[in-house]
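Visitor:
Protein chains: 2
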Amino acid sequence: MDDGDTADDIMDATYRALCTHGYADLTMQDIADESDKSKAALHYHYDSKHDLLCAFLEYLYDGFVDRIEDPAGETPHERLLSLIDSVLDKPDDGSEEFGTAILEIRAHAPYEPGFRERLTKFDDYLVDELEVILEDGIADGTFKSDLDADETAQFIVTVLTGAATERVTTGRPVKCTRRMLTEYVETHLLDGQQEVTA
Amino acid sequence: MDDGDTADDIMDATYRALCTHGYADLTMQDIADESDKSKAALHYHYDSKHDLLCAFLEYLYDGFVDRIEDPAGETPHERLLSLIDSVLDKPDDGSEEFGTAILEIRAHAPYEPGFRERLTKFDDYLVDELEVILEDGIADGTFKSDLDADETAQFIVTVLTGAATERVTTGRPVKCTRRMLTEYVETHLLDGQQEVTA
Numbered sequence: 001m002d003d004g005d006t007a008d009d010i011m012d013a014t015y016r017a018l019c020t021h022g023y024a025d026l027t028m029q030d031i032a033d034e035s036d037k038s039k040a041a042l043h044y045h046y047d048s049k050h051d052l053l054c055a056f057l058e059y060l061y062d063g064f065v066d067r068i069e070d071p072a073g074e075t076p077h078e079r080l081l082s083l084i085d086s087v088l089d090k091p092d093d094g095s096e097e098f099g100t101a102i103l104e105i106r107a108h109a110p111y112e113p114g115f116r117e118r119l120t121k122f123d124d125y126l127v128d129e130l131e132v133i134l135e136d137g138i139a140d141g142t143f144k145s146d147l148d149a150d151e152t153a154q155f156i157v158t159v160l161t162g163a164a165t166e167r168v169t170t171g172r173p174v175k176c177t178r179r180m181l182t183e184y185v186e187t188h189l190l191d192g193q194q195e196v197t198a
Numbered sequence: 001m002d003d004g005d006t007a008d009d010i011m012d013a014t015y016r017a018l019c020t021h022g023y024a025d026l027t028m029q030d031i032a033d034e035s036d037k038s039k040a041a042l043h044y045h046y047d048s049k050h051d052l053l054c055a056f057l058e059y060l061y062d063g064f065v066d067r068i069e070d071p072a073g074e075t076p077h078e079r080l081l082s083l084i085d086s087v088l089d090k091p092d093d094g095s096e097e098f099g100t101a102i103l104e105i106r107a108h109a110p111y112e113p114g115f116r117e118r119l120t121k122f123d124d125y126l127v128d129e130l131e132v133i134l135e136d137g138i139a140d141g142t143f144k145s146d147l148d149a150d151e152t153a154q155f156i157v158t159v160l161t162g163a164a165t166e167r168v169t170t171g172r173p174v175k176c177t178r179r180m181l182t183e184y185v186e187t188h189l190l191d192g193q194q195e196v197t198a
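Going down the list, the sequences are from chains A and B.
Take 1 as the starting number for the first sequence in the UniProt record's numbering and just add one per residue.
Take 1 as the starting number for the second sequence in the UniProt record's numbering and just add one per residue.
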């Protein structure tokens with residue numbers, strides 16, 4: 001087993017341990033119990049739980065990028081809706097528990113610069129991806145020409161973050177958010193004058 | 001000192017203790033240390049930290065209702081923007097630490113039905129307040145007649161929740177959210193045909 005496999009095994013074990021124990025009570029032993037490694041072996045690879053969790057956030061980030069890059073669809077409009085769906089639909093089993101653990105980690109970000117830095121990367125990446133699609137759509141006349149692509153992208157990320165927080169906090173399903181975001185895209189971003197000006 | 005004053009003192013001490021220690025590490029002793037009561041006196045009023053924190057969420061809820069009910073403004077449009085501002089602008093000193101503690105409590109909601117029930121009340125109240133303003137504005141022609149007041153209110157709450165989460169997680173200030181929500185209200189909710197149809 002090379003180091004890549006070992007790292008993946010530890011990351012998988014961390015995922016399961018977070019789903020089972022949450023973030024606040026998580027110990028290196030809990031992670032070891034979910035893997036075929038000893039606690040000592042974990043400490044060989046990661047100095048501390050903090051280092052392991054920073055590596056885990058990077059591992060999640062790589063998965064997030066794989067999942068949302070190049071969204072399905074032919075047009076900027078379709079690609080925008082695909083991207084929104086990819087973020088709203090969590091792909092994993094046990095995603096409720098995992099979403100909860102991630103919100104705990106988010107709440108800990110002010111105390112842990114290593115967490116904040118990595119969590120910010122998720123938001124920045126998502127803003128950038130949305131911005132590219134919006135700019136493509138402005139250029140080809142799909143979206144309104146006076147749209148501020150950067151601020152609109154940040155606004156959509158805020159909505160998606162709110163939906164994820166509400167899912168954990170109140171258990172509210174995301175389907176209302178999906179419907180309202182779709183409506184926002186269709187009536188607020190799409191260039192209604194397209195046919196007139198074409 | 002009557003029981004009301006005692007309860008208020010304990011709530012104030014809980015606020016300070018949460019700002020200082022966060023939620024995860026908070027003990028009854030930390031709260032006692034911020035008050036002029038002993039830990040035993042706190043246990044006389046509240047059986048457990050969980051009970052005290054449920055009472056604290058109810059205390060916050062009362063303050064939230066006082067703060068956002070009857071927002072300033074003559075028209076539904078002005079009242080809607082005032083209400084959004086009241087939620088985005090945190091009134092308290094130490095609000096960054098407090099916002100963090102509240103997000104920790106939110107992340108704990110799935111494990112604590114008492115928390116979830118009380119946190120849901122905040123969102124429900126805010127949705128109801130927004131809905132009343134939206135309905136007033138639909139009735140008087142301020143807002144588009146085909147607006148779904150309930151879903152629009154929920155969408156705005158999702159945006160406000162997202163802004164609060166981002167402030168904790170990435171430190172992003174709320175001013176972009178304020179600008180985009182204002183634009184959303186003006187170009188998406190306001191009835192642009194008002195003068196034509198009036």
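Even glycine gets a Cβ: it sits at the ideal position worked out from N, Cα and C.
Keep in mind the model is a prediction, meaning the values are calculated, not measured.
1. What does F143 of chain B pair with, by DSSP beta-bridge criteria?
2. Looking only at C-alpha atoms, which of B:M180, B:Y59, B:A24, B:D36 sits nearest to I156 of chain B?
3. Whether or not the segment 5-19 of chain B and the segment 95-104 of chain B are in contact is what I'm after, with contact meaning three or more pairs of Cβ atoms, one per stretch, closer than 8 Å; do they touch?
4. Quick one: is V196 of chain B buried, meaning 16 or more other Cβ sit within 10 Å of its Cβ, or exposed?
5. Can you tell me the Cβ-Cβ gap for V185 of chain A and L80 of chain A, rounded? I've got them flagged as a contact below 8 Å.
6. Suppose the cutoff is 8 Å on Cβ atoms and the five residues either side in sequence are ignored; what does the same chain contact list for V127 of chain A look like?
7. To the nearest angstrom, report how far apart Y23 of chain B and I102 of chain B are at their CA atoms.
8. Based on Cα-Cα distance, which residue from A:H108, A:D89, A:D140, A:T27 lies nearest to L160 of chain A?
9. Show which residues of chain A have a CB atom less than 8 Å away from the CB atom of D128 of chain B.
10. Kindly give me the distance between the Cβ atoms of L147 of chain A and I133 of chain A, rounded to whole angstroms, as I take these residues to be in contact under 8 Å.
11. So, is the C-beta of C176 of chain A closer than 8 Å to a C-beta in chain B?
12. Can you give me the C-alpha to C-alpha distance between M1 of chain B and H45 of chain B, rounded to a whole angstrom?
13. Among A:L26, A:A41, A:D25, which residue has its Cα nearest to the Cα of I10 of chain A?
14. Using Cβ-Cβ distances below 8 Å, what residues of the segment 105-135 of chain B are close to chain A?
15. What does E58 of chain B touch in chain A if you count any residue whose Cβ is under 9 Å from its own?
16. Using the C-alpha atoms, what's the distance from S38 of chain B back to P7 of chain B?
17. Excluding sequence positions up to five away, which residues of its chain have a Cβ less than 6 Å from the Cβ of L52 of chain B?
18. So is A24 of chain B in contact with chain A if we call contact Cβ pairs under 8 Å?
19. In terms of residue numbering, what span does the alpha helix (DSSP H) encompassing A164 of chain A cover?
20. From D25 of chain A to E131 of chain B, what distance separates their C-alpha atoms?
21. Using C-beta distances below 8 Å, list every residue in its chain close to H108 of chain A, excluding the 5 sequence neighbours before and after it, in chain order.
22. Where does D124 of chain B sit, in a helix, a strand or coil, going by DSSP?
Guide: Taking the coordinates as given:
1. B:L190
2. B:M180
3. yes
4. Interpretation of V196 of chain B is limited by its pLDDT of 42, a score under 50 that renders its predicted location unreliable; no figure is taken from the coordinates.
5. The beta carbons of V185 of chain A and L80 of chain A sit about 6 Å from each other, so the pair counts as a contact at 8 Å.
6. Counting only residues of its own chain and dropping the five nearest sequence neighbours on each side, V127 of chain A has a CB closer than 8 Å to the CB of D150, A153, Q154, V157.
7. A direct Cα-to-Cα measurement between Y23 of chain B and I102 of chain B gives close to 8 Å.
8. A:D89
9. Chain A residues near D128 of chain B: none, gap ~14 Å exceeds 8 Å.
10. About 12 Å separates the two Cβ atoms, so there is no contact after all.
11. In terms of beta-carbon proximity, C176 of chain A lines the interface with chain B, with at least one pair separated by less than 8 Å.
12. Summary for M1 of chain B: the model assigns pLDDT 44, below 50, so the residue's position carries little reliability; its value from the coordinates is reported in the next sentence. Looking at the two C-alpha atoms, the distance is approximately 14 Å.
13. A:A41
14. R106, A107, H108, A109, P110, Y111, R116, L119, T120, D123
15. Near E58 of chain B there are no residues of chain A at all, since even the closest Cβ is about 16 Å away, more than 9 Å.
16. As written in the sequence, residue 7 of chain B is Ala, which differs from the Pro given in the question. So the alpha carbons of these two residues sit roughly 14 Å apart.
17. Y46
18. yes
19. 149-169
20. 39 Å
21. So the list reads Y23, F115, once near-sequence residues are dropped.
22. helix
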